[in-house]
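Here's the structure, in C-alpha cells; my notes come after.
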Amino acid sequence: MVYEGMDPFLLQLVIIPFIVISLGLLVVWITKKIMLGVIATLLANILLELILYGANLSSWNITFPIVTLIISLLLIMKRRE
Numbered sequence: 001m002v003y004e005g006m007d008p009f010l011l012q013l014v015i016i017p018f019i020v021i022s023l024g025l026l027v028v029w030i031t032k033k034i035m036l037g038v039i040a041t042l043l044a045n046i047l048l049e050l051i052l053y054g055a056n057l058s059s060w061n062i063t064f065p066i067v068t069l070i071i072s073l074l075l076i077m078k079r080r081e
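Here it is in C-alpha cells:
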C-alpha cells in the first residue's frame, strides 16, 4: 500500500531516508551511543516499509543504518578535535 498522494520515487529516495537517518542521528545525539542510533534507524525503516509497502523488506534496511553509522562516527570524531 503506497501512500497515494505522493510519488513513490520521491518517497523512497528522499523522504524516507531523511526521516530514518535523522531519527537515528537524533538518538545518537540524545543518548551519545552510536549503536542505539543505528538500531533506531533500522527499526524506523523496517516499520515504515511494513506500513507503506506491506511485507517486503528491501536492501535499504542495510544501507540506512550504515549511513547513520558513518555520519555518527564523523560527527563524534569532529567533536573530539
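All residue numbers for the sequence shown refer to the working numbering, where the first residue is 1 and numbers rise by one. Just so you know, even glycine gets a beta-carbon here, dropped at the ideal spot from N, CA and C.
Between L74 and I34, the C-beta gap is not smaller than 9 Å, which leaves the two residues out of contact. Relative to the Cα of P17, the nearest Cα in the group G54, I30, L36, N61 belongs to N61.
DSSP places E49 within a helical segment (H, G or I) once states are collapsed to three. The beta carbon of L23 sits closer than 8 Å to the beta carbons of A40, T41, A44 from its chain, once the five residues preceding and following it are set aside; these are given in chain order. For N56 and P8, the gap between their C-alpha atoms comes out near 15 Å.
Between the alpha carbons of P65 and E81 lies a distance of about 25 Å.
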